[in-house]
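Going letter by letter, the sequence shown gives residues 1 to 196 in full-length UniProt numbering. Each residue gets a CB set at the ideal place from its N, CA and C atoms; glycine is no exception. This structure is a prediction, so every number in the text was calculated from the model and none was measured.
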Amino acid sequence: MEVLKEACSEYGFFKIVNHGVPIGLIDRALEASATFFDLPDDEKWKFSALPGSYLPAGYSQHQPVYSLDKNETLSMFPPSSAFNVFPTNPPDLREVMEEVFSCLSKTGGLIEGIINDCLGLPTGVIQQFNSDRNWDFMVARRYFPATEEEDRGITAHQDGNSLTFVIQDDAGGLEVCKNGEWILATPTPGAIIVNV
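Take a look at the structure:
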């Protein structure tokens with residue numbers, strides 16, 4: 001428990017294994033999202049947010065001219081949400097994404113309880129703070145390749161939510177800043193990084 005308390009308090013990140021999300025499912029999700037992102041842009045844009053929606057469900061590209069943030073995303077809310085927009089190609093993408101979402105929701109509840117106890121908070125404080133699960137969301141993200149002129153990705157930032165689960169592919173690239181020093185979060189097959 002002390003190790004986890006230190007990870008939460010000092011780093012804000014830790015890795016978990018045996019987390020309840022089947023490794024085969026993670027592999028299927030990475031493969032299905034990669035297949036979708038390989039489609040032509042005009043095909044992907046057919047699955048962008050519903051007209052008039054202010055919520056970022058579905059496909060989106062982020063390529064501000066003067067920003068280093070160059071990526072594309074496929075976002076979803078809980079499987080029952082009416083805001084979700086799912087691509088039809090690949091055919092199993094929706095099923096895989098919904099299954100991953102459900103597994104991560106269960107894992108999130110467990111992690112919240114463990115963190116709550118490790119930090120010595122009153123029972124259930126984190127769960128009460130984050131009790132409305134209708135606004136949980138999941139994002140499949142692909143970064144555009146770096147060029148000679150530009151090292152692309154997402155610039156240094158802090159997530160605004162309570163917990164973020166990061167599932168990396170072999171490319172990796174996630175770094176954690178501790179006391180001004182950047183530490184590479186090396187991908188570990190089957191592991192999930194938890195950002196608090």
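Excluding its 5 nearest sequence neighbours in each direction, Leu55 has C-beta neighbours in its own chain below 6 Å: Phe83, listed in chain order. Taking C-beta separations shorter than 7 Å and ignoring five residues to either side along the sequence, the partners of Ile115 in its chain run Cys8, Ile126, Val196, following chain order.
Checking the DSSP bridge columns, you'll see Val194 partnered with Phe14, Phe165. Under DSSP, Gln61 takes part in a beta bridge, and its partners are Glu72. Shown here, Val100 sits in a helix according to DSSP, grouped into three states. Val125 carries a helical assignment under DSSP once its states are collapsed to helix, strand and coil.
Contact check for Phe137 against Phe77 passes: the beta carbons are separated by less than 8 Å. Residue state for Leu50 is assigned as coil, using DSSP reduced to three classes. Here Met97 is buried, its C-beta having at least 16 other C-beta atoms within 10 Å.
With a cutoff of 8 Å on beta-carbon distance, Phe37 and Pro87 are scored as not near each other.
In this structure, Asp41 lies away from Thr155, with their beta-carbon atoms at least 8 Å apart.
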